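Student:
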Amino acid sequence: MSNGILKGKKGIVFGALNDASIAWKVAQRCVEEGAEIILTNAPVAKKIGQTEVLAKELNTEVIYCDVTKMEDLENLVSQSLEKLGGKFDFVLHSVGMSLNVRKKKAYTDLNYDWMHTSIDISAMSFHRLMQVLWKQDAVKDWGSIMALSYIAAQRTFPDYSEMAEAKSMLESIARSFGYHYGKAKKVRVNTISQSPTMTTAGSGVGGFDAFYNYANKMSPLGNASADACADYVITMFSDYTKMVTMQNLFHDGGFSNTGISSDLMDDFRDPE
Ligand SMILES: NC(=O)c1ccc[n+]([C@@H]2O[C@H](COP(=O)([O-])OP(=O)(O)OC[C@H]3O[C@@H](n4cnc5c(N)ncnc54)[C@H](O)[C@@H]3O)[C@@H](O)[C@H]2O)c1
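So for the sequence shown, our numbering puts the first residue at 1; every next one is plus one.
Here it is in structure tokens:
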């Protein structure tokens, strides 16, 4: 399905590691809708990911960038400006990583060096990216910048650990930078809070199957898929959402506003 809603637009998509990645689907939908994009990922993705396979499919290229490094981001933005032949209409930050989760460290026993790195990669990088975009004046007026979040920013999900803090900060950065970018350039900045999704980052969270199934049973529409998320992201990149900024937008099949679902009630009834 293509309606050409991104026809003539240009942008950067972070975080397409493999075909399960949310960013993978977003990149495909951007191109389907008529956009020209540059893909980027961490240098290690060259070894462990398939970003270049996607680049080939979409007739574009990958510029590697570790989001914790200012010089990598500066290089990515200046090279992309050159390769795309002008300023960007949109940027997707689809990056997250928790060292403490990956190394199975309990939340009550966090390693703070690791936590620092997790927050740097998953949250501060969003500020760093926008600072570089701002300084290079790389985004067109009325452009759209998005990042992906999770409801653990507002409510406790024990196994999500330090990523809850990272996502809270990410959403706060969207509001704060969104104010400045809106005032100066009419650029909008938002986060999408997505359902649990079977991806490399998602399934790294302990007990992810239970997490996923619980959310699926709670949500009146069921969990939102990565494909559905891509549809939402491209809508946010289009000219149909020009006045939406500084928001955290739930894309979760109704999970965030549901107290309990009839499906889950059935699991808790006393036997007759
Ligand atoms: N999967 C879920 O359940 C879920 C739910 C809500 C939000 N999200 C968010 O969606 C986003 C994308 O994750 P995903 O689920 O598609 O998983 P993914 O593992 O496919 O994507 C995460 C990406 O982050 C990249 N990355 C990690 N460290 C980096 C660094 N230092 N520099 C540059 N890139 C780096 C990885 O290479 C990878 O491409 C993340 O922000 C994640 O927290 C995921």
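Ideal Cβ placement from N, Cα and C applies to all residues, glycine included.
The structure displayed is predicted, hence computed values, not measured ones.
Mind pulling the beta strand (DSSP E) runs of 3 or more residues that sit fully within the region 104-164?
Tutor: You should have 139-149.
Student: Which residues share a DSSP beta bridge with E36?
Tutor: For E36, which the question treats as bridged, DSSP gives the partners K10.
Student: For A224, which residues in the same chain have their Cβ closer than 7 Å to its Cβ, ignoring the five residues on either side in sequence?
Tutor: Excluding positions up to five away in sequence, the list reads Q194, S195, H251, D252, G253.
Student: CB of S149 to nearest heavy atom of ligand 3: below 7 Å?
Tutor: Among the ligands in the structure shown, ligand 3 does not appear; only ligand 1 can be found there.
Student: Considering only C-alpha positions, which residue in the set A27, M130, Y214, G143 is nearest to V77?
Tutor: Minimum Cα distance to V77 is reached at M130.
Student: Identify every residue that forms a DSSP beta bridge with V62.
Tutor: Per DSSP, L39.
Student: Alpha carbon to alpha carbon, how far is G34 from A201? Give it in angstroms, no decimals.
Tutor: If you take the alpha carbons of A201 and G34, they lie about 28 Å apart.
Student: What are the boundary residues of the alpha helix (DSSP H) that includes R102?
Tutor: Run containing R102: 99-102, per the alpha helix (DSSP H) assignment.
Student: Whole angstroms is fine: what's the gap from D231's alpha carbon to S144's?
Tutor: Taking the straight line joining both Cα atoms gives about 15 Å.
Student: If we ignore side chains and look at the alpha-carbon of each, how far apart do P220 and F157 end up?
Tutor: About 20 Å.
Student: Thinking just about the alpha-carbon of each residue, which of K105, M115, A215, F237 is nearest to the one in I37?
Tutor: Comparing Cα positions, the closest option is F237.
Student: Okay, do the region 16-30 and the region 90-100 touch, 3+ Cβ pairs below 8 Å being the bar?
Tutor: The answer is yes - the region 90-100 touches the region 16-30, with three or more Cβ pairs under 8 Å.
Student: Measure the Cβ-Cβ separation of V13 and A23 and say whether it is below 8 Å.
Tutor: Yes, the Cβ-Cβ distance between V13 and A23 is below 8 Å.
Student: Please report how far the alpha carbon of L110 lies from the alpha carbon of G204, in whole angstroms.
Tutor: When rounded, the distance between both Cα atoms is 17 Å.
Student: What did DSSP end up calling Q79 once you bin it into helix, strand or coil?
Tutor: Note: Q79 maps to helix in three-state DSSP.
Student: Which first and last residues belong to the beta strand (DSSP E) in which I192 is found?
Tutor: Taken as a continuous stretch (DSSP letters only), the beta strand (DSSP E) holding I192 covers 188-194.
Student: Distance check for E272 and A123, CA to CA, integer angstroms please.
Tutor: Those two C-alpha atoms are separated by around 50 Å.
Student: Could you check which residue in M243, S261, D239, K183 has the C-alpha nearest to that of N216?
Tutor: Of M243, S261, D239, K183, the residue nearest in Cα terms is S261.
Student: Check whether the Cβ atoms of K183 and W142 sit closer than 8 Å, and answer yes or no.
Tutor: Cβ atoms of K183 and W142: not closer than 8 Å.
Student: Using C-beta distances below 6 Å, list every residue in its chain close to T117, excluding the 5 sequence neighbours before and after it, in chain order.
Tutor: L99, listed in sequence order.
Student: May I ask whether a heavy atom of ligand 1 can be found less than 7 Å away from the beta carbon of C65?
Tutor: Indeed, a heavy atom of ligand 1 lies less than 7 Å from the Cβ.
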